[in-house]
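A short worksheet on the structure shown next.
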Amino acid sequence: MDLTLHVWRQKSRDDAGAFATYKAAGISADASFLEMLDIVNEGLIENGQEAIHFEHDCREGICGSCGMMINGVAHGPIGGTATCQLHMRHFKDGDEIWIEPWRARAFPIIKDLIVDRSPLDKIIQAGGFISVNTGSAPEANSVPIAKMVVETSMDAAACIECGACVAQCPNGAAQLFTAAKVAHLGLLPQGQPERYDRVLNMVTVMEEYFGSCTMFRECEAVCPKDISTDFIARMNRDYIAARFKNRKAAGE
Amino acid sequence: MDLDSKIPPGPLEKKWAYAKAHYKLVNPANKRKYDVIVVGAGLAGASAAATMGELGYNVKCFVYHDSPRRAHSIAAQGGINAAKNYQNDGDSVYRLFYDTIKGGDYRSREGNVHRLAELSVDIIDQAVAQGVPFAREYGGLLENRSFGGVQVSRTFYARGQTGQQLLLGAFQALERQIALGTVRMFPRYEMLDVVIVDGQAKGIITRNLVTGAIEGHAGDAVVLATGGYVNVFYLSTNAKASNATAIWRAYKRGAYFANPCYTQIHPTCIPQSGDYQSKLTLMSESLRNDGRIWVPKQEGDKRNPKDIPEGERDYYLERKYPSFGNLAPRDIASRAAKEVCDEGKGIGPSGRGVYLDFADAINRLGRKTIEERYGNLFEMYHDITAEDPYEAPMRIYPAPHYAMGGLWVDYNLMSTVPGLYVAGEANFSDHGANRLGASALMQGLADGYFVVPVTIGDYLAGQLGKKVSADRPEFQQTKDEVAARVKRLLGANGTRSVDSFHKELGAIMWEYCGMARSAEGLQKAIGLIRDLRAQYWKNVRVLGNGDEPNQALEKAGRVADFFELAELMCVDALQRNESAGGHFRVEYQTPDGEAKRNDDEFLYVSAWEYRGDDAQPALHKEPLEYEEVKLATRSYK
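So the protein sequences, as listed, match chains A and B. Residue 1484 in this note's numbering is what sits at position 115 of the first sequence, and the numbering runs on without skipping anything. Residue 634 in this note's numbering is what sits at position 535 of the second sequence, and the numbering runs on without skipping anything.
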């Protein structure tokens, strides 16, 4: 199939940037979206133009490196899919495709479609872990965990930190990302000792960098791992409990 | 130099305890006086950096990704082995040790492998305490499944995302140390050289991938945890950026490279669909627990698989290896797939494919159980091929997946350069000539959590007061050499893209140094690689500048190193006149087509010493001594 691409090109963070239009000709329906860009890039190099810069690595939808706005939608038209797992069979001959980097104040552009997502790691640093030094762990089967609990925890832990939730949110909020980590750890017995400190610390840092959540639920619609906004409700509940409870008296 | 593997004395099961009891220690108040550089933050790197931070060392961790959580360990699917014997099916540390030695076709060190098996149980404890959501039974206890090459169920898993969850455990431990200030993270930094001062590794040279700045970083020791090199084949299951540059640069500074020809071709990957293909996607080996592999008995049978009756199907693994069946080890399953395709029985548009069929399992267990076990893998297969594996069998074919070879290390995981440690897939230590499924995660985490943080103290204890600064001339000189190389790539001003060269190199390697190798083919490959490499330096086109983000430049440096490594792989494969594990020389096979080892002449680790770009590397041999296990012909029949 033959396509027309409008791609955001921006040399550096301070450059103004603009759309450039390219043809993608003879693309196989079985090629992935990123392979389509590879083909366009080979053509650009041949013409002496610098390739379109975009982040990507595993191309299996798990590393979370890739991500771009495709016709205004993070990761493109197919739900539950990262950009690298989007295939060209979902487009048709003659389509025009607008390709932009993640759009969020917290994610400044580095070059073309590459943005700086480091504030997400800052949220993890604030408490997205269970404090257990190597060597001090008890026998793995000493604490049984109900299957349903571990499955729900795993649903949240599936987050790949791609940033699509932030990019799609009209407020540029990172609630879904933060809530997923709060739930992954807070649901497990091992995560209980730090449960309330964790949510307070992570939410505080989140609010330093990101916008506020008003439950548009756009994040859930574009999440490549189908992470549910139920986890945001759960995080809010834990957060309120952490703020109001007399945790010292309750022994938490 | 004589290779001293430093295997501790005493009986096998007491060696690690002996070593730990005799290592020199660094006192807790002194640990913060040491700077340790860790390159890479996959399972081995992140766990090593986090653990050394917990111990009190001053750690600097470098990754080329934007976040340490992107490392390719994240893509590991099926699971991690541990000798917990929760299933009461006769497992033990000894059996995991034995299976790994046998699976590696008797080409690994007994001492290292036994330590790995001992540590496997601690890894599971650690991961569970960190919040890794491993699969559980209804009673709340941990569940296991089977993997290839073994007859017990010892594999722990988190859906088809075990690597992701284990990496997130290590990543979270690392982020905790970053917040505590014991680890300083350098994201978007690529290591381009090691700095040697008075014969010891004392730092690295990096390129900042945003500003292009080339900088020196000094440390008291350097740990490379930079993964494997099978992207030398261009098409592999590795992530696009996975590369050999860090270990290759270390090789050129004096670290020996061990067993470069031992590469693993994984039997179950989605076949290539066109020449635009940028990588191959693995379908976890765990699928072979329930999937049955077959091809039509009749050559060129192009019927819909559903229309081919049972009697006209060849379940060739079940036929050839009745006791292991579809769970035969990877090297054997891959070669068997190639063999049936060479006979013209391959399926799919290219004829290079075999079926992995779940129809029986779905009938027996129901679709829901299969969904629970493999749901995300089935979805991924569907996304990529537009075929529904619940309805029609998967099409699969072998693809390069893992490098058993890597930098030579002693028992303490130190390379031949004092102060330079190598962990995870980047070293050669534990898997011999073939790695068993679910053992890579085990090794990466054993090295990172439990081995390097302990053994490095033995070296650092002797380095007190010997700190060097990055102002030394050795740093400036290495930096100048790195800068000159970058300039040369940018200045080649040729006509061909980096990728076009990489694809051509990959095709040569797949043809002559892939699943089947011959002396004649390898000699031919060496000539082809040299010619292509000469063309590369003259005719590669790298646009853009060095002082900005430049993905073409990043790739160009990595591919330049792949050319040199490719040649060494062929040289190593050529000298090893036997077949062992993933290294199959067509001249050396049994009458029924199995690998034929030659223990009299090749019971050694080949360790290559760099002697100049135009000189032949020198081969050093580390003899393998088997005290516990009897050498035998590997049989899975």
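Backbone N, C-alpha and C define an ideal beta-carbon position, used for all residues, glycine too.
List, in order along the chain, the chain B residues whose C-beta lies closer than 9 Å to that of A:Val1535? Listed by position along chain B, the residues whose Cβ is nearer than 9 Å to that of A:Val1535 form an empty set, because the closest Cβ is around 14 Å away.
Below 8 Å on the Cβ atoms is my contact criterion, and I expect A:Ala1533 with A:Cys1582 to pass it. Report the Cβ-Cβ distance as a whole number of Å. Rounded to whole angstroms, the Cβ separation of A:Ala1533 and A:Cys1582 is 15 Å, and the two are not in contact under 8 Å.
Under a three-way DSSP split, which group does A:Glu1520 fall into? For A:Glu1520, the three-state secondary structure derived from DSSP is helix.
Which residue's Cα is closest to the Cα of B:Ile200: B:Gly531, B:Ser104, B:Gly518? Restricting attention to B:Gly531, B:Ser104, B:Gly518, the CA atom closest to the CA of B:Ile200 is found in B:Gly531.
Would the stretch 236-254 of chain B count as touching the stretch 552-567 of chain B if we require 3 or more Cβ pairs under 8 Å? Flag = no, the stretch 236-254 of chain B and the stretch 552-567 of chain B do not touch.
Going by alpha carbons, who is nearest to B:Leu664 out of B:Asp389, B:Asp134, B:Glu708? The option with the nearest alpha carbon to B:Leu664 is B:Glu708.
Going by DSSP, name the residue or residues bridged to B:Gly302. When beta bridges are read from the DSSP output, B:Gly302 appears opposite B:Val294, B:Ala317.
Residues of chain B with a CB under 9 Å from the CB of A:Gln1559: which are they? What A:Gln1559 touches in chain B: Val227, Ala228, Gln229, Gly230.
Delimiting residues of the beta strand (DSSP E) encompassing B:Val282: Unbroken beta strand (DSSP E) run through B:Val282: 282-285.
Can you name the residues of chain B whose CB is closer than 7 Å to the CB of A:Asn1502? Glu153, listed in chain order.
Buried or exposed for B:Phe356, going by 16 or more other Cβ atoms inside 10 Å? Here B:Phe356 is buried, its C-beta having at least 16 other C-beta atoms within 10 Å.
Spatially closest choice to B:Ala615 from B:Tyr635, B:Ala694, B:Trp393, by CA coordinates: Selected option, being the one with the closest Cα: B:Ala694.
Every unbroken beta strand (DSSP E) within the stretch 689-727 of chain B, with a cutoff of 3 residues, ordered by chain: The qualifying runs are 703-708, 717-722.
Tell me whether B:Ala357 sits in a helix, a strand or coil according to DSSP, three-state version. Note: B:Ala357 maps to strand in three-state DSSP.
Run through chain B and tell me which residues come within less than 7 Å of A:Asn1510, C-beta to C-beta. The answer, in chain order, is Tyr185, Leu240, Leu241.
Any C-beta of chain A under 8 Å from that of B:Glu470: No - not a single Cβ of chain A is within 8 Å of the one on B:Glu470.
So for B:Pro517, helix, strand or coil by DSSP? Looking at B:Pro517 - three-state DSSP - the assignment turns out to be coil, as it is neither helix nor strand.
If I measure Cβ to Cβ from B:Val212 and keep anything under 7 Å in the same chain, skipping five residues before and after, which residues do I get? The residues Phe196, Thr199, Ile200, Asp529, in chain order, have a CB closer than 7 Å to that of B:Val212 in the same chain once the five nearest residues on each side in sequence are set aside.
Identify, in the order they occur along the chain, each residue of the same chain with its Cβ nearer than 6 Å to the Cβ of B:Phe285, setting aside the five sequence neighbours on each side. So the list reads Phe161, once near-sequence residues are dropped.
With DSSP run on the structure shown, which of helix, strand or coil describes A:Val1535? Under the three-state reduction of DSSP, A:Val1535 is assigned to helix.
Given this structure, state the Cα-to-Cα distance separating B:Val294 from B:Ile303, to the nearest angstrom. Those two C-alpha atoms are separated by around 5 Å.
Is the beta carbon of A:Ala1475 sitting closer than 8 Å to the one on A:Val1568? In this structure, A:Val1568 does not lie closer than 8 Å to A:Ala1475 by Cβ.
Can you pull the chain A neighbours of B:Pro648, defined as C-beta to C-beta under 7 Å? Residues of chain A with a Cβ closer than 7 Å to the Cβ of B:Pro648 are, in chain order, His1422, Ile1479, Lys1480, Ile1483.
Any idea which residues DSSP pairs A:Glu1469 with across the strands? A:Met1438, per the DSSP bridge assignment.
Length of the line joining the Cα atoms of B:Ile469 and B:Trp393: Their backbone Cα atoms lie some 19 Å apart in a straight line.
Determine, using beta carbons only, whether A:Arg1602 comes closer than 8 Å to chain B. Note on identity: in this sequence residue 1602 of chain A is Ala, with Arg being the wrong assignment. Taking Cβ atoms only, chain B never reaches closer than 8 Å to A:Ala1602, which makes this a no.
Along the chain, where does the alpha helix (DSSP H) containing B:Ile483 start, and where does it finish? According to the DSSP assignment, B:Ile483 belongs to the alpha helix (DSSP H) that extends over 466-484.
Return helix, strand or coil for B:Trp507, following the three-state DSSP convention. Of the three classes helix, strand and coil, the one that applies to B:Trp507 here is coil, per DSSP.
From the DSSP secondary-structure annotation, give me the bridge partner or partners of B:Glu289. B:Arg306, per the DSSP bridge assignment.
Can you tell me whether DSSP reads B:Gly523 as helix, strand or coil? In the structure shown, B:Gly523 adopts helical secondary structure according to DSSP, grouped into three states.
Would DSSP call B:Asn649 helix, strand or coil? Note: B:Asn649 maps to coil in three-state DSSP.
Would B:Ala525 pass as an interface residue toward chain A - the criterion being a Cβ-Cβ separation below 8 Å? Chain A, which has no Cβ nearer than 8 Å to the Cβ of B:Ala525, makes this no.
In angstroms, rounded to a whole number, what distance separates the CA positions of A:Glu1587 and B:Lys405? Going by the C-alpha atoms only, they are around 42 Å apart.
Looking at B:Ala436: is its Cβ nearer than 8 Å to the Cβ of B:Pro499? Against a cut-off of 8 Å, the Cβ pair of B:Pro499 and B:Ala436 comes out as no contact.
Relative to the C-alpha of B:Leu291, which residue among B:Ala485, B:Val658, B:Met151 is closest? Ranking B:Ala485, B:Val658, B:Met151 by Cα distance to B:Leu291 puts B:Val658 first.
Starting from A:Phe1388, trace the beta strand (DSSP E) both ways and give me its first and last residue. Counting along the chain, the beta strand (DSSP E) containing A:Phe1388 begins and ends at 1387-1393.
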